[in-house]
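Trainee:
Chains as they are written, first to last, in the numbering used here: chain B, 418 to 700; chain R, 418 to 700.
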């Protein structure tokens, strides 16, 4: 497994790989890899001759009041996990390498970045799309892998790829959960014991919503209300609970077609998100 | 020479070319090719195994009040010129191909797009950087060629390439002029006989500025004033006359280092730009 820290070396490796007719799959991460990340790596391993995991905590997608400084990292553990999963390259540039001078250029996706996580994190997606564009230009992948947990991020990146004609296929992989249903996240480790137990309610409320819809409930507000009641019983503070069209992210009132139920809940400063896609036609 | 009209075919051709170890040079144009464009093509021909000329009148870089609808075009003449210059591919997608749905994604460069041409054309550079990003993702060039006439555009694109890590080298080629000194432009054909004669003053005023600096003048305001006086004698209306640092485009008062003198003048609805770079150290 190669460890590459510079853009020049990464591009040169990518060019060489492509000239050899091989395809590169990238799993972009901020490190502190868990089984969710590794499920993306395993999927990438199946699809591509070369698998690159990028590890970079991207300051541009954090707001000043967010947890950039405390975001967990453990590069040695990440390396071991990648080695064990037959990753070919870890690309782990430092901040100076990725932002050598004041950046003036931003890749911005309008409208679908304004709601859900965009309300309380107004510059978040601009940071995400810009770093992903950078990574695509550096690593030159044919396919890129993201987890469904960041569902809105996936839709935003897919729209960016379409609009800017990146020759990269975006693969969205299922949410990986702890045994009790909590969606895996690098931030889970900051939950105290009580919060950790309570956080299970996020997934439970989504399962409850699924059950309601399976039973024939089609009123989105009613479902949102039921979820809200469940989460109000725990100490986490609701950021949003929303039901939207899974494809275009438009707000809906009537459950039909593919539906996204998404939520964000903050325990002290620890912000957790979760979601479920319900394909109403298949119910 | 291949004529390619779809993104899919262009990307597939690019991928094949790169896999063969060949390099692509692109000359992005809006068509109606003149000797200025062809000088870029000739330079690209020297540097690359494969030369692609893109022809696309990019609506996104025109404001509603601008000359999009009357922008000149003559694809047959363009094809002949490209054929004669040993171009390998003309990439000429239509609008529907390049903007199949409402685009939500924009590549925007801040600050250096706000002055000079950015004042009267507030969305112009956002349109330019976005289409250039799209073209880079579609044509996958190693090098891209632009004329110095659009000097600010060149600096903006260079900054975009740096910030987003496009693996593309930007080559800026000298301004090509008519015999009487007028910078070549697809828009020159709209000048009437009187305007055409008057337009020569744009270049003459820049040459005068160069002469003043060679004589030891270091006061930027004084030079701007002299240029203004010359241009005020013709019917064209001054949009701007500015002296700036040629690299970072900062406004300067004292002539030193590399200096850009740039101007924009409008005859009726025909907006002409011209500029000169003066390397003070070499004087």
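Cβ coordinates follow ideal geometry from the N, Cα and C atoms, glycine included.
Roughly how many whole angstroms lie between the Cα atoms of residue 608 of chain B and residue 531 of chain B?
Mentor: The residue labelled residue 608 of chain B in the question sits at position 191 within the first chain. The residue labelled residue 531 of chain B in the question sits at position 114 within the first chain. Those two C-alpha atoms are separated by around 28 Å.
Trainee: Cβ of residue 464 of chain B less than 8 Å from any chain R Cβ?
Mentor: To locate residue 464 of chain B, count along the first chain from 1; it is residue 47. For residue 464 of chain B, no Cβ of chain R is located within less than 8 Å of the residue's own Cβ.
Trainee: Under a CB-based cut-off of 8 Å, is residue 612 of chain R close to chain B?
Mentor: For the purposes of this step, residue 612 of chain R is taken as residue 195 along the second chain, with counting starting at 1. No, no contact with chain B.
Trainee: Does the Cβ-Cβ distance between residue 423 of chain R and residue 510 of chain R come in under 8 Å?
Mentor: For this step, residue 423 of chain R is matched to residue 6 along the second chain. For this step, residue 510 of chain R is matched to residue 93 along the second chain. Contact flag set, yes.
Trainee: What three-state label does DSSP hand residue 420 of chain B in the structure shown?
Mentor: The sequence position of residue 420 of chain B within the first chain is 3, counting from 1. Reduced to three states, the DSSP call for residue 420 of chain B is strand.
Trainee: Under a CB-based cut-off of 8 Å, is residue 406 of chain B close to chain R?
Mentor: Look at the range of chain B in this structure, 418 to 700, and you will see that residue 406 of chain B is not part of it.
Trainee: Whose Cβ in chain B lies nearer than 9 Å to the Cβ of residue 436 of chain R?
Mentor: Taking the second chain and counting its residues from 1, the one referred to as residue 436 of chain R is at position 19. For residue 436 of chain R, the chain B residues whose C-beta falls within less than 9 Å of its own C-beta are 435, 436, 437 and 438, listed in chain order.
Trainee: For residue 583 of chain R, which residues of its own chain have a beta-carbon under 6 Å away from its beta-carbon, when the five flanking residues on both sides are left out?
Mentor: What you label residue 583 of chain R is simply residue 166 of the second chain in a count that begins at 1. So the qualifying residues of the chain are 553.
Trainee: According to DSSP, is residue 532 of chain B helix, strand or coil?
Mentor: As a first step, residue 532 of chain B is located in the first chain; it is residue number 115 there, counting from the start. Residue 532 of chain B: coil per DSSP, three-state reduction.
Trainee: At a CB-CB cut-off below 8 Å, which residues of chain R make contact with residue 637 of chain B?
Mentor: Counting from one through the first chain, the residue named residue 637 of chain B turns up at place 220. At a beta-carbon threshold of 8 Å, none of the residues of chain R lie near residue 637 of chain B; the nearest stands roughly 24 Å away.
Trainee: Just to confirm the assignment: which complete beta strand (DSSP E) runs, minimum length 3, are found wholly within the segment 490-566 of chain R?
Mentor: 506-508, 522-526 and 560-564
Trainee: State buried or exposed for residue 700 of chain R, treating a residue as buried only when at least 16 other CB atoms are found within 10 Å of its CB.
Mentor: Here residue 700 of chain R corresponds to residue number 283 of the second chain, with the count starting at 1. At residue 700 of chain R the pLDDT is 44, less than 50, meaning the model places this residue with poor confidence; the figure from the coordinates comes in the next sentence. Residue 700 of chain R should be labelled exposed.
Trainee: Anything in the segment 508-524 of chain B with a Cβ closer than 7 Å to a Cβ of chain R? List those residues in chain order, please.
Mentor: Within the segment 508-524 of chain B, the residues whose Cβ lies closer than 7 Å to some Cβ of chain R are 520, 521, 522, 523 and 524, listed in chain order.
Trainee: What is the DSSP secondary structure of residue 617 of chain B, counted as helix, strand or coil?
Mentor: Walking along the first chain from the start, residue 617 of chain B turns up at place 200. Of the three classes helix, strand and coil, the one that applies to residue 617 of chain B here is helix, per DSSP.
Trainee: Check residue 573 of chain R in the structure and name its three-state DSSP category.
Mentor: By 1-based counting over the second chain, the position of residue 573 of chain R is 156. Three-state result, residue 573 of chain R: helix.
Trainee: With a threshold of 8 Å between beta-carbons, can residue 472 of chain R be considered close to chain B, or not?
Mentor: Residue 472 of chain R sits at position 55 when you count from the first residue of the second chain. It does not: the Cβ of residue 472 of chain R has no partner Cβ on chain B nearer than 8 Å.
Trainee: Does any residue of chain R have a CB that is nearer than 8 Å to the CB of residue 700 of chain B?
Mentor: To locate residue 700 of chain B, count along the first chain from 1; it is residue 283. Residue placement at residue 700 of chain B is poorly supported in this model, since its pLDDT is 44, which falls under 50; the coordinates still yield a value, given next. So, not an interface residue.
Trainee: From residue 541 of chain R to residue 615 of chain R, what does the alpha carbon distance come to, in whole angstroms?
Mentor: The residue labelled residue 541 of chain R in the question sits at position 124 within the second chain. The residue labelled residue 615 of chain R in the question sits at position 198 within the second chain. Those two C-alpha atoms are separated by around 27 Å.
Trainee: Any residues in the segment 546-574 of chain R with a beta carbon nearer than 8 Å to a beta carbon of chain B? Which ones, in chain order?
Mentor: 546, 547, 550, 551, 554, 555 and 557
Trainee: Measuring only the C-alpha atoms, how far is residue 713 of chain B from residue 660 of chain B?
Mentor: Not covered by the structure: residue 713 of chain B. The range shown for chain B is 418 to 700.
Trainee: Can residue 559 of chain R be considered in contact with the ligand GTP, in the sense that its beta carbon sits closer than 7 Å to one or more heavy atoms?
Mentor: What this structure holds is no ligand at all, so the ligand GTP is not there to describe.
Trainee: Does chain R have any CB closer than 8 Å to the CB of residue 576 of chain B?
Mentor: Residue 576 of chain B sits at position 159 when you count from the first residue of the first chain. Answer yes: the Cβ-Cβ gap between residue 576 of chain B and chain R drops below 8 Å somewhere.
Trainee: How should residue 429 of chain R be labelled, buried or exposed, when 16 other C-beta atoms within 10 angstroms of its C-beta is the threshold for buried?
Mentor: Residue mapping note: residue 429 of chain R aligns to position 12 of the second chain, counting from 1. Exposed.
Trainee: Thinking C-alpha only, which one of R:578, R:594, R:596 and R:695 is nearest residue 588 of chain R?
Mentor: If you number the second chain from 1, residue 588 of chain R lands on position 171. It is R:578 whose Cα lies nearest to the Cα of residue 588 of chain R.
Trainee: Within the 8 Å Cβ cut-off, does residue 469 of chain R reach chain B?
Mentor: Here residue 469 of chain R refers to the residue found at position 52 of the second chain. Output row for residue 469 of chain R: interface = no.
Trainee: Do you know whose CA, among R:504, R:481 and R:473, lies nearest residue 491 of chain R's CA?
Mentor: As a working note, residue 491 of chain R is residue 74 in the second chain. Checking every option, the nearest Cα to that of residue 491 of chain R belongs to R:473.
Trainee: Does residue 428 of chain R get closer than 8 Å to chain B when you measure Cβ to Cβ?
Mentor: For the purposes of this step, residue 428 of chain R is identified with residue 11 of the second chain, where counting begins at 1. At a cut-off of 8 Å between beta carbons, residue 428 of chain R contacts chain B.
Trainee: Can you tell me which of the three DSSP states residue 651 of chain R falls into?
Mentor: Position 234 of the second chain holds residue 651 of chain R. DSSP places residue 651 of chain R in coil when its eight states are reduced to three.
Trainee: Would you call the segment 660-676 of chain B and the segment 462-473 of chain R touching, i.e. three or more CB-CB distances under 8 Å?
Mentor: no
Trainee: Between the Cα of residue 696 of chain B and the Cα atoms of B:626, B:653, B:651 and B:655, which residue gives the shortest distance?
Mentor: As a first step, residue 696 of chain B must be located in the first chain, where it is residue number 279. Ranking B:626, B:653, B:651 and B:655 by Cα distance to residue 696 of chain B puts B:626 first.
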